[in-house]
Amino acid sequence: MSQSALTTEIDRLGPWFHNIHLPSGHQTAPDHFFGDFPMTKWRQIAPFLPKDLSGKTVLDIGCNAGFYSFELAARGADVLGIDMDDRYLEQARWVAQRKQLSDCTRFKKASVYEVGNLDAGQFDIVLFMGVFYHLRHPLLALDLIQSLEPELLVFQTLTHGDEVVSPFSWTETNFQTRDRLGERGWPSMAFIETTFAGDPTNWWVPNHAGVEAMLRSAGFTVTARPGHEIYVCNAAEAASRPYLDEAHQDARSIMSNAQGSQR
Ligand SMILES: C[S@@+](CC[C@H](N)C(=O)[O-])C[C@H]1O[C@@H](n2cnc3c(N)ncnc32)[C@H](O)[C@@H]1O
């Protein structure tokens with residue numbers, strides 16, 4: 027494809043949220059409002075992932091134009107990217123061809139709520155970046171991802187506040203001490219009834235303590251913090267609280283009932 031034809035194609039497929047560097051030297055969003063995004067985030071995450079991912083399978087949830095999918099495929103992984111937006115999926119498939127990574131990347135229209143129904147077998151690594159706060163049912167999504175039992179989860183979300191974590195434990199809290207729930211560092215999540223940053227798909231903004239607590243509660247252990255708002259997790263050894271198994275079972279039932287009623 028000629029240089030000008032490439033530029034025309036990039037424009038036709040835009041607007042782009044991912045600035046992807048193409049082998050031709052073109053970039054898909056060189057004037058991105060976050061700079062060279064998400065390359066700057068990837069540089070933080072990359073050292074925390076194995077350099078050789080040969081034989082590994084990856085699920086990239088909310089893959090967008092596939093920036094992370096391509097980086098992991100370049101390390102040898104077999105990647106499935108899912109997203110709800112056809113426009114982004116078209117971008118991802120187009121970039122896969124330009125990068126000659128179509129054999130090891132697939133892009134499919136699916137929601138995070140459908141991850142139990144992908145017919146793609148097990149995933150060694152799950153990327154769940156920049157999607158959590160766009161969900162009306164974020165804990166349901168985390169529970170469904172946990173039921174995939176990945177070795178590694180890379181999680182990123184918008185947060186608010188500082189990184190103080192309350193020293194109180196939930197087992198010590200009761201009706202008399204309930205005011206602790208509003209204290210700095212208590213795990214919490216702000217609900218956005220209208221829009222945040224002009225985007226009506228932003229529903230929840232957790233604090234750092236809330237992110238750690240929700241990941242723990244869904245059955246993940248945070249093992250590394252490559253950067254602000256980024257969490258690398260392993261599957262936890264054991265449930266962190268009573269009734270967690272029942273909650274995960276509930277998540278699977280909710281989704282299988284919902285899928286059954288669509289048929
Ligand atoms: C802020 S972008 C993040 C893209 C990419 N993961 C990243 O970190 O750069 C959010 C992406 O999630 C997708 N998305 C929103 N709701 C989703 C859902 N329910 N299931 C899967 N993807 C979803 C959007 O279409 C969009 O591509």
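Residue numbers (this note's numbering): 27 to 289.
Just so you know, even glycine gets a beta-carbon here, dropped at the ideal spot from N, CA and C.
- Query: Span of the beta strand (DSSP E) holding Val152?
  - Reply: As a first step, residue 152 must be located in the sequence shown, where it is residue number 126. That run of the beta strand (DSSP E) goes 151-155.
- Message: Since Val141 and Leu79 should fall inside the 8 Å C-beta cutoff, what is the C-beta to C-beta distance between them, to a whole number of angstroms?
- Response: Counted from its first residue, the sequence shown places residue 141 at position 115. Counted from its first residue, the sequence shown places residue 79 at position 53. Actually they are not in contact, since the Cβ atoms of Val141 and Leu79 sit about 20 Å apart, beyond 8 Å.
- Query: Does the Cβ of Asn90 have 16 or more other Cβ atoms within 10 Å, making it buried, or fewer, making it exposed?
  - Reply: For the purposes of this step, residue 90 is taken as the residue at position 64 of the sequence shown. Per the 10 Å Cβ criterion, buried.
- Query: Under 8 Å from any heavy atom of ligand 1, does the C-beta of Leu161 make it?
  - Reply: If you number the sequence shown from 1, residue 161 lands on position 135. Yes, ligand 1 has a heavy atom inside 8 Å of this Cβ.
- Item | Near ligand 1: His44 beta-carbon under 8 Å from a heavy atom | By 1-based counting over the sequence shown, the position of residue 44 is 18. Yes, the Cβ of His44 comes within 8 Å of a heavy atom of ligand 1.
- Task: Could you check what DSSP says for Gly4 in three-state terms: helix, strand or coil?
- Result: It is not possible to answer for residue 4, since the shown part of the chain is limited to 27 through 289.
- Message: Quick test of your reading: Leu168 and Met240, contact by CB under 8 Å. State the CB separation rounded to the nearest angstrom.
- Response: Numbered from 1 along the sequence shown, position 142 holds the residue referred to as residue 168. Numbered from 1 along the sequence shown, position 214 holds the residue referred to as residue 240. Confirmed, Cβ separation roughly 6 Å.
- Message: Here's a check: name, in chain order, each residue in its chain whose Cβ is nearer than 8 Å to the Cβ of Arg206, leaving out the five neighbours to either side.
- Response: As a first step, residue 206 is located in the sequence shown; it is residue number 180 there, counting from the start. Answer for Arg206: Ser192, Phe194, Thr199, Trp212, listed in chain order.
- Go ahead and label Lys7 buried or exposed: buried means 16 or more other beta carbons lie within 10 angstroms of its beta carbon, across all protein chains shown. Within the shown structure, residues of the chain are numbered from 27 to 289, placing residue 7 beyond reach of any answer.
- Query: What three-state label does DSSP hand Val237 in the structure shown?
  - Reply: The sequence position of residue 237 within the sequence shown is 211, counting from 1. If DSSP states are grouped into helix, strand and coil, Val237 belongs with the helices.
- Since Phe217 is in the beta strand (DSSP E), which residue starts that stretch and which ends it? Here residue 217 refers to the residue found at position 191 of the sequence shown. 215-217 is the extent of the beta strand (DSSP E) around Phe217.
- Query: What is the C-beta distance between Glu255 and Gln182, in whole angstroms, given that I count them as a contact (C-beta under 8 Å)?
  - Reply: Looking up residue 255 in the sequence shown gives position 229. Looking up residue 182 in the sequence shown gives position 156. Right, their Cβ atoms sit about 6 Å apart.
- Item | For Trp68, three-class secondary structure by DSSP | As a position in the sequence shown, residue 68 is number 42, starting the count at 1. It is helical.
- Around the Cβ of Thr33, are there at least 16 other Cβ atoms within 10 angstroms (buried) or fewer (exposed)? Here residue 33 corresponds to residue number 7 of the sequence shown, with the count starting at 1. It counts as exposed.
- Message: Please tell me whether Ala118 and Ser95 are closer than 9 Å, where the distance is taken between their beta carbons.
- Response: Taking the sequence shown and counting its residues from 1, the one referred to as residue 118 is at position 92. Taking the sequence shown and counting its residues from 1, the one referred to as residue 95 is at position 69. Yes, these two residues count as a Cβ contact at 9 Å.
- Query: Secondary structure at Gly142, three-state DSSP: helix, strand or coil?
  - Reply: Residue mapping note: residue 142 aligns to position 116 of the sequence shown, counting from 1. Three-state DSSP puts Gly142 in a helix.
- From which residue to which residue does the beta strand (DSSP E) around Asp129 run? Here residue 129 is taken as the residue at index 103 of the sequence shown, counted from 1. No beta strand (DSSP E) contains Asp129, which DSSP labels as neither H nor E.
- Item | Of the residues Glu35, Ala216, Leu161, the one placed nearest Gly187, counting alpha carbons only | On the sequence shown, residue 187 is found 161 positions in, with the first residue counted as 1. Ranking the options by Cα distance to Gly187, first place goes to Ala216.
- List the endpoints of the continuous alpha helix (DSSP H) containing Ile36. The count along the sequence shown starts at 1 and reaches residue 36 at position 10. Run containing Ile36: 29-39, per the alpha helix (DSSP H) assignment.
- beta strand (DSSP E) segment containing Phe246, residue limits: Stepping through the sequence shown from its first residue, residue 246 is reached at position 220. Segment 246-253, the beta strand (DSSP E) holding Phe246.
- Using 8 Å as the cut-off, classify the Cβ of Ile280 as near or not near the heavy atoms of ligand 1, replying yes or no. Counted from its first residue, the sequence shown places residue 280 at position 254. No; taking the cut-off as 8 Å, the Cβ of Ile280 has no heavy atom of ligand 1 nearer than that.
- Message: Check whether chain D comes within 9 Å of Val237, counting only Cβ atoms and requiring the distance to be less than that.
- Response: Absent from the structure: chain D. Only one protein chain is present.
- Query: Are Pro73 and Lys82 closer than 9 Å when you measure CB to CB?
  - Reply: On the sequence shown, position 47 is the one that residue 73 refers to. On the sequence shown, position 56 is the one that residue 82 refers to. Against a cut-off of 9 Å, the Cβ pair of Lys82 and Pro73 comes out as no contact.
- For Gly61, collect the residues of the same chain with a Cβ closer than 7 Å to its Cβ; drop the 5 residues on either side in sequence, then sort them by chain order. Locating residue 61 in the sequence shown gives position 35, where the first residue counts as 1. Closer than 7 Å at the Cβ level, and outside the excluded window around Gly61, lies no residue.
- Query: Beta carbon of Tyr159, beta carbon of Val231: below 9 Å?
  - Reply: Position 133 of the sequence shown, counting from 1, holds the residue named residue 159. Position 205 of the sequence shown, counting from 1, holds the residue named residue 231. Taking 9 Å as the Cβ cut-off, Tyr159 and Val231 qualify as a contacting pair.
- Return yes when the C-beta of Pro90 is under 8 Å from any heavy atom of ligand 1, and no when it is not. In the sequence shown, counting from the first residue as 1, residue 90 sits at position 64. Before going further, note that residue 90 is Asn rather than Pro in the sequence given. Indeed, a heavy atom of ligand 1 lies less than 8 Å from the Cβ.
- Item | Proximity below 9 Å, CB of Arg278 to CB of Leu170 | Taking the first residue of the sequence shown as 1, we reach residue 278 at position 252. Taking the first residue of the sequence shown as 1, we reach residue 170 at position 144. Contact flag set, yes.
- Item | Same chain, Cβ closer than 8 Å to Glu97, five either side skipped, listed in chain order | In the sequence shown, the residue the question calls residue 97 occupies position 71. Excluding sequence neighbours, Glu97 sits near Trp68, Ala72.
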